[in-house]
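Below you'll find the structure, written out as structure tokens, and then a few comments.
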Amino acid sequence: AAVLSLVIILKELHGLLTRDTTKDKLTLLPPRTRGVESLIGNTPLIEIKSLSKFTGCKIYAKLELTNPAGSAKDRVALAIIRNAESEGRLVPHQGNIIYEGTSGSTGISFAVLANALGYIAHICLPDDTSPEKLSLLTALGAEIEPVKPASIVDPNQYTNAARRGADEVNAKGENKAIFADQFENDFNWRIHYNTTGPEIVEQMGEHIDVFINGSGTGGTIAGVGRYLKEVQGQDTRIILADPQGSGLANRVNFGVMYDSVEREGTRRRHQVDTLVEGIGLNRLTWNFKQGEKFIDEAIRVTDSQALKMAKYLCINDGLFWGSSSAINCVAAVKTALKYGPGQRIVVIACDSGARHLSKFWKEATKIPNDVTLDEILAE
Ligand code: PMP
26 AAVLSLVIIL KELHGLLTRD TTKDKLTLLP PRTRGVESLI GNTPLIEIKS LSKFTGCKIY
86 AKLELTNPAG SAKDRVALAI IRNAESEGRL VPHQGNIIYE GTSGSTGISF AVLANALGYI
146 AHICLPDDTS PEKLSLLTAL GAEIEPVKPA SIVDPNQYTN AARRGADEVN AKGENKAIFA
206 DQFENDFNWR IHYNTTGPEI VEQMGEHIDV FINGSGTGGT IAGVGRYLKE VQGQDTRIIL
266 ADPQGSGLAN RVNFGVMYDS VEREGTRRRH QVDTLVEGIG LNRLTWNFKQ GEKFIDEAIR
326 VTDSQALKMA KYLCINDGLF WGSSSAINCV AAVKTALKYG PGQRIVVIAC DSGARHLSKF
386 WKEATKIPND VTLDEILAE
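Rendered as structure tokens:
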């Protein structure tokens with residue numbers, strides 16, 4: 026707990042020193058009454074120099090991992106809470122409980138914001154979620170409910186558990202709980218449309234040719250994709266980076282939702298899983314559907330490619346990122362080579378490698394330090 030507190034304090038100090046909080050669009054509070062929630066958004070954008078050099082393009086990453094609870098999900102959690110408050114469904118310090126089904130990131134955002142704003146977070150998550158995320162949720166004092174089976178191929182399991190939990194509390198007559206419902210909640214894609222998208226446009230200051238992201242709930246790619254198409258024009262290409270085992274890539278490219286195994290004719294549905302956490306799905310969510318018509322193409326990335334890219338970025342750029350960020354970067358290099366040099370490409374770096382040390386990074390650590398981009402592309 027002491028180490029965690031120190032990390033949180035250092036992060037906050039770093040955030041305060043490096044952020045322009047006067048431009049915060051997520052809170053209307055005057056500066057002196059601002060708490061940790063005011064550090065959400067206005068995340069930095071950096072160039073991934075090794076990838077730019079290799080491809081002859083300019084490849085940038087929006088560092089959502091610098092949000093105070095460590096991922097892009099801070100934006101969504103705050104937007105959902107503020108909406109519930111405005112409707113009177115959440116009242117601070119009245120024992121109100123926020124139920125959510127999540128692969129981890131959203132749960133951590135809700136746990137931090139629940140503490141900051143006077144609520145209890147109850148998090149239902151797959152029982153193979155990385156131990157780091159579990160420890161974090163425990164340290165943050167959230168109520169945790171691990172749910173089986175734990176797999177991207179049956180995500181309804183933890184979403185349904187969260188819905189049921191909130192219903193059971195409310196059935197007792199006090200209406201003390203909300204089900205945040207990030208997959209279906211309209212405020213998810215809208216907060217990315219209203220904040221993440223405009224921030225990227227402002228930070229780039231020049232035409233963006235390509236935006237790449239994976240889809241968990243689909244909120245980020247729907248919100249940012251829609252915003253970029255509206256303000257930059259139809260020639261800004263929106264690309265979905267999809268992990269093995271997910272049906273979304275085939276949905277985008279072929280209009281049919283099936284995973285790679287089924288497409289090969291074996292008829293074994295949903296047999297492929299992935300080490301990657303937070304993205305990939307075999308059902309259509311409200312938030313993904315809001316973005317579908319803005320997505321131009323999808324690129325499927327294997328776990329092996331993601332592991333190599335994570336290690337490559339760590340060794341060559343000092344960028345220690347999570348699995349979904351690595352997937353985005355594989356897709357960025359492929360896109361750069363496919364459409365030629367000179368393009369300006371933006372990806373999202375959703376969370377840090379520190380959240381994945383004993384699962385994804387346990388494997389990525391084994392990749393030799395001299396791994397090359399050619400090796401990744403050769404697969
Ligand atoms: N990366 C990580 C690590 C995530 O946790 C998530 C959200 N589950 C995403 C990417 C995808 O974001 P979205 O839900 O907006 O599609």
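Just so we're aligned, residue 26 is where the sequence shown starts under our numbering, counting upward by one.
Note that the Cβ used here is the ideal one computed from N, Cα and C, for glycine as well.
None of these values were measured; they are calculated from a predicted model.
Check, Outcome
"Give the straight-line distance between the Cα atoms of Asn185 and Lys74, rounded to the nearest whole angstrom.", "42 angstroms"
"Say the cut is 7 angstroms; is the CB of Thr220 nearer than that to a heavy atom of ligand 1?", "no"
"Leaving aside the five residues before and after Asn278 along the sequence, list all residues of the same chain whose C-beta is less than 7 angstroms from its C-beta, in chain order.", "Glu322 and Ala323"
"Express the C-alpha separation of Ile373 and His217 in angstroms, rounding to a whole number.", "12 angstroms"
"How is the beta strand (DSSP E) around Lys254 delimited, first residue to last?", "Counting along the chain, Lys254 falls outside any beta strand (DSSP E), though it belongs to the alpha helix (DSSP H) covering Gly244 to Gln257."
"If we count Cβ pairs, one from each stretch, closer than 8 angstroms, do we get three or more for the stretch 110-127 versus the stretch 64-78?", "no"
"Can you give the Cα-Cα distance for Cys339 and Ala389, rounded to whole angstroms?", "10 angstroms"
"So, for Lys336: in the same chain, excluding its five sequence neighbours on each side, which residues have a beta-carbon less than 7 angstroms away from its beta-carbon?", "Ala389, Ile392 and Val396"
"Report the three-state DSSP secondary structure of Val194 (helix, strand or coil).", "helix"
"Helix, strand or coil: which one does DSSP assign to Asn394?", "coil"
"Round the Cβ separation of Ala247 and Tyr124 to the nearest angstrom and send it over; I've been treating them as touching at under 8 angstroms.", "Not a contact, Cβ separation roughly 23 angstroms."
"Is Ile169 near ligand 1, going by C-beta to nearest heavy atom under 7 angstroms?", "no"
"Cβ of Asp206 versus every heavy atom of ligand 1: is any distance shorter than 7 angstroms?", "no"
"Helix or strand or just coil, what does DSSP make of Gly126?", "strand"
"For the candidate residues Ile233, Asn275, Thr163 and Ala274, whose alpha-carbon lies nearest to that of Gly258?", "Ile233"
"How long is the line joining the alpha carbons of Thr47 and Ser96, rounded to whole angstroms?", "With a pLDDT of only 40 at Thr47, under 50, the local geometry of the prediction cannot be trusted, and the value read off the model is given with reservation. In a straight line, the C-alpha of Thr47 is about 21 angstroms away from that of Ser96."
"Which residues in the same chain have their Cβ closer than 7 angstroms to the Cβ of Glu404, if we skip the five residues on either side of it in sequence?", "Thr327, Ser329 and Gln330"
"Exposed or buried, which one is Ser383 when buried takes at least 16 other CB atoms within 10 Å?", "exposed"
"Among Ala274, Ala104, His118 and Pro223, which one has its Cα closest to the Cα of Gln207?", "Ala104"
"For Thr131, which residues from the same chain have a beta carbon less than 7 angstroms from its beta carbon, with the 5 sequence-adjacent residues on both sides left out?", "Lys98, Val101, Ala102, Glu125 and Gln207"
"For Gly240, tell me which candidate among Glu255, Val249, Arg251 and Leu265 has the shortest Cα-Cα distance.", "What sits at residue 240 in the sequence shown is Ser, not Gly. Ranking Glu255, Val249, Arg251 and Leu265 by Cα distance to Ser240 puts Leu265 first."
"On the DSSP bridge assignment, give the partners of Tyr85 in chain order.", "Glu72 and Val371"
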